[in-house]
Amino acid sequence: FSLAMCIVGRLPWVKLPIYILVQLLSAFCASGATYVLYYDALQNYTGGNLTVTGPKETASIFATYPAPYLSLNNGFLDQVLGTGMLMVGLLAILDRRNKGVPAGLEPVVVGMLILAIGLSMGANCGFPLNPARDLGPRLFTYVAGWGPEVFSAGNGWWWVPVVAPLVGATLGTATYQLLVALHHPEDPEPAQDPVSAQHKASELETPASAQMLECKL
1 FSLAMCIVGR LPWVKLPIYI LVQLLSAFCA SGATYVLYYD ALQNYTGGNL TVTGPKETAS
61 IFATYPAPYL SLNNGFLDQV LGTGMLMVGL LAILDRRNKG VPAGLEPVVV GMLILAIGLS
121 MGANCGFPLN PARDLGPRLF TYVAGWGPEV FSAGNGWWWV PVVAPLVGAT LGTATYQLLV
181 ALHHPEDPEP AQDPVSAQHK ASELETPASA QMLECKL
């Protein structure tokens, strides 16, 4: 999403590395919190043997891994399409020139959008959709005891949820801009922007005292 905001000019490119680092750190810390919270459960389930594959693997609790049947090519396409759909939906929700959703319900609609993508496209690899959401937890599992297999499992799957969402976000943003955003009028319609409409109306109205002063002059 940060990349999409840079593409449409809502976020300066110079801030993108900072956003990426903060998101990675947040995902890493969140994984650590989850690990600490469920430490006893993990030890009880695995017997202290933290594995990435096998009947008692637990690495997929944190990062995403492909289903046994999924190829890297199909997994890459899966993430490009999923992230592209997410970007189109998010940009449509945030674009004030659209009819929009009732104020305050935007988070609910975004949650429903992510739920729909997850239910329809989550079987292949768990719909990571965000590089930081996958890479941060993967780095945590690497240092927390799962080891280097977190990067080698799934035929070296780890790079797919990092690169594919970036491609999908770019394509999704370009699709929305070309098919929707460029066809909007430059300014919102008055009915869609009541605050600015009221402001313009107040500017056009001449107060009665001003009219009387003009008559006297």
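To convert, note that position 200 of the sequence shown is 200 in the UniProt record's numbering; the numbers rise steadily by one, no gaps.
Ideal placement from N, C-alpha and C gives every residue a C-beta, glycine not left out.
If you draw a 10 Å sphere on the C-beta of residue 84, you find 16 or more other C-beta atoms in it, and that means buried. The beta carbon of residue 166 sits closer than 7 Å to those of 3, 131, all from its chain and outside the five residues before and after it, given in chain order.
Contact between the region 144-151 and the region 162-181 is absent, with fewer than three C-beta pairs closer than 8 Å. About 5 Å separates the beta carbon of residue 16 from that of residue 6, a gap short enough to meet the 8 Å contact definition. The alpha-carbon separation between residue 121 and residue 127 amounts to approximately 7 Å. Apart from the 5 residues on each side of it in sequence, residue 109 sits with its Cβ closer than 8 Å to the Cβ of 93, 101 in its chain, given in chain order. Here DSSP, grouped into helix, strand and coil, assigns residue 56 to coil. Per DSSP, the unbroken alpha helix (DSSP H) holding residue 173 starts and ends at 160-179.
Proximity of the region 35-43 to the region 64-77 falls short of the contact definition, fewer than three beta-carbon pairs being nearer than 8 Å. Contiguous beta strand (DSSP E) elements confined to the region 7-79 do not occur, taking only those with 3 or more residues. Relative to the Cα of residue 111, the nearest Cα in the group 86, 13, 55 belongs to 86. Pairing residue 140 with residue 32 gives a Cβ-Cβ distance under 8 Å. Residue 108: member of the alpha helix (DSSP H) spanning 106-121, first to last residue. In chain order, 50, 52, 59 place their CB closer than 7 Å to the CB of residue 146, counting only its own chain and leaving out the 5 sequence neighbours on each side. The distance from the Cβ of residue 155 to that of residue 72 is about 6 Å, consistent with a contact at the 8 Å cut-off.
In this model, residue 104 and residue 75 are separated by some 35 Å (Cα to Cα). Remark: C-beta atoms of residue 129 and residue 82 approach each other more closely than 8 Å.
By the beta-carbon neighbour count (other beta carbons within 10 angstroms, threshold 16), residue 161 is buried.
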